[in-house]
Amino acid sequence: MGLCDDTLIGPYSLPPRLNGPAFLHFLENEFEAILDDMPLIDRANRWFQLDGCPAHYTLLVRQWLHNHFSGRWIGRGRDCPRPWPPRSPDLTTMDFYVWGRMKSKVYAEPVNDEASLRARILQAAQEIPLAECRAAAQSVIRRCQLCIENDGGHFEQFLK
Numbered sequence: 001m002g003l004c005d006d007t008l009i010g011p012y013s014l015p016p017r018l019n020g021p022a023f024l025h026f027l028e029n030e031f032e033a034i035l036d037d038m039p040l041i042d043r044a045n046r047w048f049q050l051d052g053c054p055a056h057y058t059l060l061v062r063q064w065l066h067n068h069f070s071g072r073w074i075g076r077g078r079d080c081p082r083p084w085p086p087r088s089p090d091l092t093t094m095d096f097y098v099w100g101r102m103k104s105k106v107y108a109e110p111v112n113d114e115a116s117l118r119a120r121i122l123q124a125a126q127e128i129p130l131a132e133c134r135a136a137a138q139s140v141i142r143r144c145q146l147c148i149e150n151d152g153g154h155f156e157q158f159l160k
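Counting from 1, one number per residue, gives the positions in the sequence shown under UniProt numbering.
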């Protein structure tokens, strides 16, 4: 899953053990289709942020990112245009908002099998309000400011 402005993208089914080639396949096939649906002006100004998953930082994936988001991707590693700490869940919208919201919906009741789990994931993604996604995305700047003010320490208690 991902978040683009105030819209959730996905969920997509990835292999249980995601590696670089499998993630590159996703980018080249599934994600390129999403980009193709975007107006060119939006696509030209779009930034792309990844979390700390090792599969996101293989050489071929980084080359794809450089080719499609030249200078406009956020992640980890020396050759990343905008380095970002790999463990910064308080600053990443997917981490501080989406995953928790999804988890509370998906696991509200015990899951009996994989098919039920997949159905619940799809349902939960459809039920997340766009207004909440927008508010979460808009809170990132404030979160970054609070993080800086607190020397990189915990700051969520100051969000209220």
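All C-beta atoms, glycine included, are put in the ideal place defined by N, C-alpha and C.
As the structure is a computational prediction, the values presented were derived from the model and not from experiment.
(request) Using the DSSP secondary-structure output, state which residues sit across from residue 75 in a beta bridge. (result) The sequence position of residue 75 within the sequence shown is 75, counting from 1. Residue 75 is bridged to 83.
(message) Once the 5 residues before and after residue 12 are set aside, which same chain residues still bring their CB inside 8 angstroms of it?
(response) In the sequence shown, the residue the question calls residue 12 occupies position 12. Contacts found: 1, 26, 30.
(request) Give the C-beta separation of residue 167 and residue 125 to the nearest angstrom, bearing in mind that I take them to be a contact with Cβ-Cβ under 8 angstroms. (result) Given a span of 1 to 160 for the chain in the structure shown, any question on residue 167 remains unanswerable.
(message) Please report the straight-line C-alpha distance between residue 23 and residue 36, rounded to a whole angstrom.
(response) In the sequence shown, counting from the first residue as 1, residue 23 sits at position 23. In the sequence shown, counting from the first residue as 1, residue 36 sits at position 36. Spanning the two alpha carbons is a distance of roughly 18 angstroms.
(request) Determine the closest residue to residue 53 out of 20, 81, 40, with distance taken between C-alpha atoms. (result) As a working note, residue 53 is residue 53 in the sequence shown. Looking at the Cα atoms, 20 is the closest of the given residues.
(message) On the DSSP letters alone, give me the boundaries of the alpha helix (DSSP H) that residue 4 sits inside.
(response) For the purposes of this step, residue 4 is taken as residue 4 along the sequence shown, with counting starting at 1. Element bounds for residue 4: not the alpha helix (DSSP H) but the beta strand (DSSP E), 2-4.
(message) If the criterion is Cβ atoms closer than 9 angstroms, does the pair residue 50 and residue 136 meet it?
(response) The residue given as residue 50 occupies position 50 in the sequence shown. The residue given as residue 136 occupies position 136 in the sequence shown. No, these two residues do not count as a Cβ contact at 9 angstroms.
(message) What would DSSP say about residue 7, mapped onto helix, strand or coil?
(response) Reading the sequence shown from its first residue, position 7 is the one you call residue 7. In this structure, residue 7 counts as strand in the three-state DSSP scheme.
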